[in-house]
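2 protein chains.
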Amino acid sequence: MSLTESGSRPDRSAIQLSPMKVPKASDVLANELRERILTGEFAEGTGLPAERDLVTQTRMSRTTVREALRILEVQGLIRIKAGRTGGAFVQQPGEEAMASTVNLLIRGRRIRLAALLETREAIEPFCAQLAATHRTPEELEILEEANRLMSNDSADLPQFLQANVDWHVAVARASHNELLSGLMAALSRAIYAATEDEKFVDVEVRHATIHAHATITDAIREQDADAAVRRMKRHVHSYAEEVLKGDRQQIDVS
Amino acid sequence: MSLTESGSRPDRSAIQLSPMKVPKASDVLANELRERILTGEFAEGTGLPAERDLVTQTRMSRTTVREALRILEVQGLIRIKAGRTGGAFVQQPGEEAMASTVNLLIRGRRIRLAALLETREAIEPFCAQLAATHRTPEELEILEEANRLMSNDSADLPQFLQANVDWHVAVARASHNELLSGLMAALSRAIYAATEDEKFVDVEVRHATIHAHATITDAIREQDADAAVRRMKRHVHSYAEEVLKGDRQQIDVS
DNA sequence: TGGTAACTTAGGTCTAACCATTAGGCCAAT
DNA sequence: ATTGGCCTAATGGTTAGACCTAAGTTACCA
């Protein structure tokens, strides 16, 4: 119909609307709760009202309330416990949530092991630099404990690899940058999972790793940021070359 | 009681059990579907059976089936559409899932803007280095288009900032490392959100940014990895200093 | 030919009930 | 004093069935 038409009907074009999106009820509740959690309105560990209480308060059905809670649980914003003293308890997302997402990305997108190692080469020297600047005595002690575990000749391969991961994560944590440490925790687990059954971790590699960790830890102890970044760069780069030596193709991780 | 005791009762410590976890029905189904999606058993875009079909196939209730689907949806593994041709369609997690988790982490953990900028300083020079090595002509064209948009004097601040983000993300994508580009996409959005209403983006900063992007793009075009990493390092570092100039304290992002 | 009404199929929401898990208290048997 | 049996209460987990809403498909009629 024409805009200038003056027929028997009023001009319906006088009012124009754009496509609107109608949110789902469970999303509305999830969004509301998420905002209030993220802004810190509820302290960590606070218990949300019981499901049936949320039903009466929101006038939504229990199905809808439960879907909202499930969303928040998957996002790592609440932890749900069953039983008498159960309920939904507030928590802030942490390394777990980050590691979970990174793992899904890696597996779903078939991220090459080479890309994982590349990413670590990008992040970790910087972590070492920050760690050298900001490390506390306690964090230094954790680093040295991990080194002791790795040097223990009676340790088997899984123990060695676990202590290896622990050391790397400890360096990241000592950077006092929670984003970096979250990333490194996720990355380290993924690299660990991808290399644990490789045969390349021979005695020579183990000794080289122990020595590298020791010298980097020294730099962090002395708060020598330049040495820390330089040595870490060399360490992760040579480790990456070692892993990829016999493994030149684009092998995915899953 | 002692382990060597030989009294009238048998030694109860002979059997030791660890705490056991009993999975929920919805988790069982979600895990099953997640594995099959991640291993690529279903091509991207494939439609899962309708909810009511999953009910008959699994003998679970519709509520349980829906909870499982909701879990996968939040994890970015399926996309759910209503209506006649609706249903759950397989997708692999991508930048959105990563960006969403990073944002939750940043907001919930009150990550300082300084930490965001630090993290970018760690990642982005490496992206530039890889981009210089691997960039395709098409990716180069995207970089130059973003530069053109930013140089357009008639562009307002939001357009400038958006083109800025686009350029940075394009550099990351040109690295051909999906993990890095996912991280940078998430980071860029967060930094954009944290700085968009800052007043510091004056004419001088805009010109400096345009110039820096141009020289970095040159290095990527010429596949000069050393120059690319050096210039990017300088660019993001000076940008960070500019942002934090009047803003020395540990301001969080939320 | 064009529009619109009716149908169909999918997800979204609600209700009501029952099951399962956990904490705590009480008490009888040993 | 310890152990196991038993009950109660509170909470999340699960089920069944109905109805609502969104969005393609089809058929029909002016």
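Sequence lines, in order, name chains D and C.
Going by the working numbering, the first residue of the first sequence is number 159, and it counts up by one from there.
Going by the working numbering, the first residue of the second sequence is number 159, and it counts up by one from there.
The beta carbon of each residue, even a glycine, is placed where N, CA and C say it ideally should be.
Close-in-space but distant-in-sequence residues of the same chain around residue i (CB under 6 angstroms, 5 per side omitted)
{"i": "residue 176 of chain D", "result": "none"}
{"i": "residue 391 of chain C", "result": "283"}
{"i": "residue 229 of chain D", "result": "188"}
{"i": "residue 223 of chain D", "result": "209, 212 and 213"}
{"i": "residue 169 of chain D", "result": "Low per-residue confidence applies at residue 169 of chain D: pLDDT is 48, beneath 50, and the placement is therefore not dependable, though the value from the model is reported in the following sentence. Nothing meets the Cβ criterion."}
{"i": "residue 396 of chain D", "result": "none"}
{"i": "residue 164 of chain C", "result": "With a pLDDT of only 41 at residue 164 of chain C, under 50, the local geometry of the prediction cannot be trusted, and the value read off the model is given with reservation. So the list is empty, once near-sequence residues are dropped."}
{"i": "residue 206 of chain D", "result": "246"}
{"i": "residue 289 of chain C", "result": "329, 332, 333 and 378"}
{"i": "residue 238 of chain C", "result": "231 and 246"}
{"i": "residue 174 of chain C", "result": "none"}
{"i": "residue 195 of chain D", "result": "235 and 248"}
Extent of the continuous alpha helix (DSSP H) run through residue i
{"i": "residue 265 of chain C", "result": "253-266"}
{"i": "residue 248 of chain D", "result": "Where residue 248 of chain D is concerned, there is no enclosing alpha helix (DSSP H), although the beta strand (DSSP E) it sits in stretches over 245-248."}
{"i": "residue 318 of chain C", "result": "315-332"}
{"i": "residue 282 of chain C", "result": "271-292"}
{"i": "residue 207 of chain D", "result": "That residue, residue 207 of chain D, is in no alpha helix (DSSP H); it is neither H nor E in DSSP."}
{"i": "residue 373 of chain C", "result": "361-379"}
{"i": "residue 303 of chain C", "result": "295-309"}
{"i": "residue 420 of chain C", "result": "Missing from the structure shown is residue 420 of chain C; chain C here goes from 159 to 412 and no further."}
{"i": "residue 339 of chain D", "result": "336-353"}
{"i": "residue 173 of chain C", "result": "Neither: residue 173 of chain C is in no alpha helix (DSSP H) and is coded neither H nor E."}
{"i": "residue 194 of chain D", "result": "183-196"}
{"i": "residue 201 of chain C", "result": "First-last for residue 201 of chain C: undefined, no H or E at that position."}
{"i": "residue 223 of chain D", "result": "220-232"}
Residue i, enclosing beta strand (DSSP E) - first and last residue
{"i": "residue 237 of chain C", "result": "236-239"}
Residues that residue i contacts on chain C, provided the C-beta gap is smaller than 7 angstroms
{"i": "residue 269 of chain D", "result": "336 and 337"}
{"i": "residue 277 of chain D", "result": "335, 337 and 338"}
{"i": "residue 221 of chain D", "result": "221"}
{"i": "residue 281 of chain D", "result": "280 and 281"}
Within chain D, the residues that residue i reaches when beta carbons sit closer than 8 angstroms
{"i": "residue 256 of chain C", "result": "259, 260 and 263"}
Cut-off 7 angstroms between Cβ atoms - residues of its own chain near residue i, not counting five sequence neighbours on either side
{"i": "residue 208 of chain D", "result": "245"}
{"i": "residue 218 of chain D", "result": "183 and 187"}
{"i": "residue 314 of chain C", "result": "none"}
{"i": "residue 399 of chain C", "result": "none"}
{"i": "residue 379 of chain D", "result": "298"}
{"i": "residue 293 of chain D", "result": "332 and 378"}
{"i": "residue 304 of chain D", "result": "321, 324, 325 and 328"}
{"i": "residue 203 of chain D", "result": "247 and 248"}
{"i": "residue 295 of chain D", "result": "none"}
{"i": "residue 361 of chain C", "result": "none"}
Expected contact under 8 angstroms - CB spacing of residue i and residue j to nearest Å
{"i": "residue 291 of chain C", "j": "residue 383 of chain C", "result": "5 angstroms"}
{"i": "residue 374 of chain D", "j": "residue 366 of chain D", "result": "Their Cβ separation, rounded to whole angstroms, is 12 angstroms, which puts residue 374 of chain D and residue 366 of chain D out of contact at 8 angstroms."}
{"i": "residue 263 of chain D", "j": "residue 269 of chain D", "result": "7 angstroms"}
{"i": "residue 319 of chain D", "j": "residue 354 of chain D", "result": "6 angstroms"}
{"i": "residue 330 of chain D", "j": "residue 339 of chain D", "result": "4 angstroms"}
{"i": "residue 368 of chain C", "j": "residue 308 of chain C", "result": "5 angstroms"}
{"i": "residue 393 of chain C", "j": "residue 372 of chain C", "result": "Actually they are not in contact, since the Cβ atoms of residue 393 of chain C and residue 372 of chain C sit about 11 angstroms apart, beyond 8 angstroms."}
{"i": "residue 259 of chain D", "j": "residue 259 of chain C", "result": "4 angstroms"}
{"i": "residue 257 of chain C", "j": "residue 343 of chain C", "result": "6 angstroms"}
Contacts of residue i in chain D (Cβ-Cβ under 7 angstroms)
{"i": "residue 228 of chain C", "result": "225, 228 and 229"}
{"i": "residue 232 of chain C", "result": "229, 232 and 233"}
Neighbourhood of residue i by C-beta, 8 angstroms cutoff - its chain only, sequence neighbours within 5 removed
{"i": "residue 233 of chain C", "result": "192, 251 and 255"}
{"i": "residue 172 of chain C", "result": "none"}
{"i": "residue 414 of chain C", "result": "Here chain C has residues from 159 to 412 only, and residue 414 of chain C is not among them."}
{"i": "residue 302 of chain D", "result": "375"}
{"i": "residue 253 of chain D", "result": "339, 340, 343 and 344"}
{"i": "residue 215 of chain C", "result": "207"}
Chain C contact residues for residue i, given Cβ-Cβ distances below 8 angstroms
{"i": "residue 274 of chain D", "result": "337"}
{"i": "residue 251 of chain D", "result": "259, 262, 263, 266 and 267"}
{"i": "residue 196 of chain D", "result": "262, 265, 266 and 412"}
{"i": "residue 318 of chain D", "result": "Under the 8 angstroms cutoff, chain C gives no residues; its nearest Cβ is about 24 angstroms from residue 318 of chain D."}
Chain D residues whose Cβ lies nearer than 9 angstroms to that of residue i
{"i": "residue 327 of chain C", "result": "Ordered by position in chain D, no residue passes the 9 angstroms Cβ test against residue 327 of chain C, which lies about 16 angstroms from the chain."}
Contact list for residue i against chain C, beta-carbon separation under 9 angstroms
{"i": "residue 247 of chain D", "result": "Simply none; closest approach about 14 angstroms."}
Any contact between the stretch 282-297 of chain D and the stretch 335-347 of chain D? By contact I mean 3 or more CB pairs, one from each, below 8 angstroms. yes
Below 8 angstroms, how does it come out for the stretch 315-326 of chain C and the stretch 340-348 of chain C: are there three or more Cβ pairs, yes or no? yes
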